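Q: A single structure is presented below for examination.
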Amino acid sequence: SSGNDLAEVRNKADELKEVANSVSAMCADRLAVLEQALPLAEHFFETHADLCQWLDEIESEAELMETPAMNAHQIKKQQDRNKALMQAVHEHK
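If you're matching positions, the sequence shown starts at -15 in our numbering and goes up one per residue.
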């Protein structure tokens, strides 16, 4: 009976070792994935912050745009500002 108990304890210990090894391998895999994801998340965060700041600036510029002018000189100035604004938008796509 004592031999059976010892064999059962060894079997349980072996099963626990297998589970521990499996958990350890899964943790190592998860760590590798997280280590790859962290720089990507940091880059996304920085890019998102830059884009939000840029959008705020462009929005402020757009709000300051005047109503369409009546004389040719002012119309030309407004067209130039609109072109510059559109160029900035295209560069940030």
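Ideal placement from N, C-alpha and C gives every residue a C-beta, glycine not left out.
It should be emphasised that the depicted structure is a prediction, and the values quoted were computed from it without experimental measurement.
Roughly how many angstroms separate the alpha carbons of L22 and F28, rounded to a whole number?
A: Going from the Cα of L22 to the Cα of F28 covers about 10 Å.
Q: Going by C-alpha distance, which of E47, S(-14), N55 is nearest N66?
A: It is E47 whose Cα lies nearest to the Cα of N66.
Q: Hey, could you find the ends of the alpha helix (DSSP H) E52 is sitting in?
A: Reading off the sequence shown, one finds Pro at residue 52, where the question assumed Glu. First-last for P52: undefined, no H or E at that position.
Q: Across the stretch 0 to 9 and the stretch 25 to 44, are there enough close Cβ pairs to call them in contact, namely three or more that are closer than 8 Å?
A: Touching, no, given that fewer than three Cβ pairs across the two stretches are closer than 8 Å.
Q: For A72, which residues from the same chain have a beta carbon less than 7 Å from its beta carbon, with the 5 sequence-adjacent residues on both sides left out?
A: Excluding sequence neighbours, A72 sits near I42.
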